[in-house]
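Visitor: Numbering (my numbering), first residue to last: 23 to 385.
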Amino acid sequence: MGFRVFIVAGEPSGDRHAARLMEAIKRREPTVEFFGIGGPAMQAAGLESIVPFAGMNVNGFWEVLRQYRRLRHAFEHTLRHSQARDYDLFVPVDYPGFNLRLAEHVRRRGVPVFWYIAPQLWAWGRWRARRLAEAVDRLFVVLPFEVEFFQRLGIEAEFHGHPFLDDPVYATPPSIEAKNPHQVALLPGSRAHEQRLNLPLMLRLADALRQRDWALEFTVAIAPRTGGTTPGIRFDDDAQRVLLRSSYGVVKAGTSTLEAMLAGVVQVAMYRASFGTYVLGRALVSIPFVALPNIILGRQVVPEVIQTSSAIGRLLRTVERVLADPDEAARQREASLQLRRALGEGGASQRIADRMLALVGRR
């Protein structure tokens with residue numbers, strides 16, 4: 023009997039992790055069929071995409087509000103597909119604003135819902151816990167502290183390791199000697215509105231550092247810009263390649279801070295929000311840190327700079343302090359080893375796939 027999986031991811035990081043999960047499921051169930059929403063990695067793994075992935079990658083209250091009509095249309099189209107087709111399992115991958123509503127509809131059909139990469143209710147949105155508990159059968163979390171957090175809320179959760187460590191590039195600590203000691207990675211974020219907010223600030227930072235006689239090379243981890251070049255700045259849309267070559271980084275707070283630490287990059291985490299999003303976030307966010315390495319380890323190992331304006335003074339001072347202090351580099355690299363231990367061993371995607379299949383009686 024055929025095995026069909028409905029799977030939805032709305033962001034590039036979710037696309038990558040979901041693709042690995044799909045490949046792991048296929049190793050056990052070679053005839054499995056996948057349909058849903060996903061990017062190039064998921065489509066390469068065999069996804070039948072029912073909604074264009076481009077344009078799904080939106081976050082922040084005001085940013086979502088501006089795209090509401092288009093996102094609502096995508097949701098309604100996806101919901102119709104989910105109601106018209108037969109499938110054995112629904113796997114929402116992160117993307118909670120979209121996936122939570124979808125999971126509620128799917129579970130009412132009696133289809134098992136295994137959420138992969140849990141909503142970050144520990145940061146904000148704890149009021150959604152009851153809805154989440156009623157919408158899912160199991161959470162497969164990728165951060166070690168999340169199991170206890172969700173179980174206290176009455177939600178079944180399992181941790182089998184972080185899928186970043188399934189990537190051969192991150193499976194072992196990187197060689198620091200192979201890095202360019204003058205190379206600085208600039209990661210403004212993957213979403214268009216993040217790049218609009220962060221990229222001008224990062225380019226001004228690079229210019230200020232050059233004017234202050236720092237012998238540095240800068241690469242921005244996005245596609246080359248149209249309409250001209252920026253003197254002294256390279257662009258490369260392969261963020262992993264940029265991180266592996268770089269000794270230092272200025273990284274938009276989020277998943278990229280975790281990836282940067284696994285890549286051996288000594289970094290400053292930066293978060294710049296529109297003023298409205300910042301004010302709303304201050305009222306809702308319930309954790310002291312924004313960078314994932316700090317959240318996971320429970321202390322500040324990566325300096326954080328939160329921006330609500332285009333002034334670069336505080337960011338410049340923080341970056342210069344990190345560049346000038348070899349002890350800071352040593353502290354971050356030691357913390358990266360602790361982070362690896364916290365994230366578990368490689369093979370998480372296969373362990374999660376096997377567990378999901380066992381829960382639906384396919385193993």
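Virtual Cβ for every residue (Gly too), placed ideally from N, Cα, C. This one's a predicted model, so the numbers in the text were calculated from it and none came from an experiment.
1. Three-state secondary structure (DSSP) at Glu-239?
2. From Val-382 to Ile-139, what does the alpha carbon distance come to, in whole angstroms?
3. Let me see if you follow: with CB-CB separation under 7 Å, is Thr-194 close to chain D or not?
4. Is Gly-36 buried or exposed, if buried means 16 or more other CB atoms sit within 10 Å of its CB?
5. In the DSSP assignment, find the unbroken beta strand (DSSP E) run with Leu-345 in it and report its ends.
6. Which whole-angstrom value is the C-beta distance of Val-135 and Ala-151, which I expect to be below 8 Å?
7. Taking just the CA atoms, how far does Leu-209 sit from Val-327?
8. Spell out a yes or no on whether the stretch 195 to 212 and the stretch 261 to 274 are touching, meaning 3 or more CB-CB pairs, one atom from each, closer than 8 Å.
9. Candidates Asp-159, Phe-120, Leu-337, Ile-72: which alpha carbon is nearest Arg-129's?
10. When the Cα atoms are used, what is the spatial distance from Gly-183 to Val-169?
11. For the ligand ZN, is there a heavy atom less than 6 Å away from the beta-carbon of Ile-328?
12. Hey, out of Phe-120, Phe-112, Phe-171, whose CA is closest to Ile-94's CA?
13. Does the stretch 368 to 385 come close enough to the stretch 348 to 360 that 3 or more CB-CB pairs lie under 8 Å?
14. If I measure Cβ to Cβ from Ala-370 and keep anything under 8 Å in the same chain, skipping five residues before and after, which residues do I get?
15. For Ala-313, which of helix, strand or coil comes out of DSSP?
16. In terms of residue numbering, what span does the beta strand (DSSP E) encompassing Glu-156 cover?
17. Between Arg-107 and the rest of its own chain, which residues show a CB-CB distance below 8 Å, the 5 nearest in sequence each way excluded?
18. Taking the Cβ atom as the reference point for each residue, do Pro-315 and Val-324 lie within a distance shorter than 7 Å?
19. Looking at the structure shown, is Ser-71 part of a helix, part of a strand, or coil, going by DSSP?
20. Based on DSSP bridge pairs, tell me the residues matched to Trp-137.
21. What does a CB cutoff of less than 6 Å around Ala-275 pick up in its chain, not counting 5 residues either side in sequence?
22. Does His-127 come out as helix, strand or coil in the three-state DSSP assignment?
23. What do you reckon, are the CB atoms on Leu-111 and Tyr-192 nearer than 7 Å?
24. Indicate whether Val-288 and Ala-351 have their beta-carbon atoms separated by less than 7 Å.
25. Can you tell me the Cα-Cα spacing of Gln-244 and Ala-261, whole angstroms?
26. Does the contact criterion of 3 or more C-beta pairs under 8 Å hold for the stretch 218 to 234 versus the stretch 173 to 182?
27. Counting C-beta neighbours from all protein chains within 10 Å, is the total for Ala-282 16 or more, i.e. buried, or is it exposed?
28. Is Trp-137 buried or exposed, if buried means 16 or more other CB atoms sit within 10 Å of its CB?
29. Span of the alpha helix (DSSP H) holding Ile-374?
30. Using the three-state DSSP reduction, which class does Ala-364 fall into: helix, strand or coil?
31. Per DSSP, what kind of secondary structure is Gln-142 in: helix, strand or coil?
32. Roughly how many angstroms separate the alpha carbons of Ala-66 and Met-44, rounded to a whole number?
33. Have a look at Pro-34 and Arg-42 and give me their C-alpha separation to the nearest angstrom.
34. For the beta strand (DSSP E) that contains Leu-208, what are its first and last residues?
35. Which of the three DSSP states, helix, strand or coil, is assigned to Arg-256?
36. Flag this pair as yes or no: are the beta carbons of Ala-46 and Gln-360 separated by less than 7 Å?
Guide: From the atom records:
1. Strand.
2. Distance between the alpha carbons of Val-382 and Ile-139: 19 Å.
3. The structure shown contains no chain D; it holds only a single protein chain.
4. By the neighbour-count rule (16 or more Cβ atoms within 10 Å), Gly-36 is buried.
5. Going by DSSP, Leu-345 is part of no beta strand (DSSP E) but of the alpha helix (DSSP H) stretching over 335 to 346.
6. So it is not a contact: roughly 15 Å between Cβ atoms.
7. Roughly 14 Å separates the two Cα atoms.
8. Contact between the stretch 195 to 212 and the stretch 261 to 274 is present, because at least three Cβ pairs lie under 8 Å.
9. Per the C-alpha coordinates, the member of Asp-159, Phe-120, Leu-337, Ile-72 positioned closest to Arg-129 is Asp-159.
10. Linking Gly-183 to Val-169 through their CA atoms gives a straight-line distance of about 12 Å.
11. Looking at this structure, you won't find the ligand ZN or any other ligand, since it has none at all.
12. Looking at the sequence itself, residue 94 is Arg, so the reference to Ile does not match. When only C-alpha atoms are compared, the closest one is Phe-120.
13. Short answer: they don't touch.
14. Answer for Ala-370: Val-164, His-182, Gly-183, His-184, Pro-185, Leu-187, Asp-188, listed in chain order.
15. In the structure shown, Ala-313 sits in coil (DSSP, three-state: anything other than H, G, I, E or B).
16. In the DSSP assignment, Glu-156 falls outside any beta strand (DSSP E) and lies within the alpha helix (DSSP H) extending over 151 to 157.
17. Spatial neighbours of Arg-107 in its own chain (CB-CB distance under 8 Å, excluding positions within 5 residues in sequence) are listed in chain order as Arg-26, Phe-28, Phe-57.
18. Inclusion of Pro-315 and Val-324 in the CB contact set at 7 Å is warranted, their separation being smaller than that value.
19. It is a strand residue.
20. Bridge partners of Trp-137: Leu-161.
21. Here the set comprises Ala-291, Tyr-293, Val-312, Ala-313.
22. Helix, per DSSP.
23. Not closer than 7 Å, so no.
24. Their beta carbons are under 7 Å apart, which means Val-288 touches Ala-351 by this criterion.
25. The sequence shown places Ile at residue 244, not Gln. Using only the alpha carbons, I get a separation of about 7 Å.
26. Under the Cβ criterion (8 Å, minimum of three pairs), the stretch 218 to 234 does not count as touching the stretch 173 to 182.
27. Its Cβ being crowded by 16 or more others within 10 Å, Ala-282 is buried.
28. Classification of Trp-137: buried, given that the 10 Å Cβ count is 16 or more.
29. Segment 370 to 381, the alpha helix (DSSP H) holding Ile-374.
30. Correct three-state label for Ala-364: helix.
31. In the structure shown, Gln-142 sits in coil (DSSP, three-state: anything other than H, G, I, E or B).
32. Using only the alpha carbons, I get a separation of about 10 Å.
33. Answer to the nearest angstrom: the Cα atoms are 13 Å apart.
34. It spans 202 to 209 - the beta strand (DSSP E) in which Leu-208 sits, taken as one unbroken run.
35. In the structure shown, Arg-256 adopts extended strand secondary structure according to DSSP, grouped into three states.
36. Taking 7 Å as the Cβ cut-off, Ala-46 and Gln-360 do not qualify as a contacting pair.
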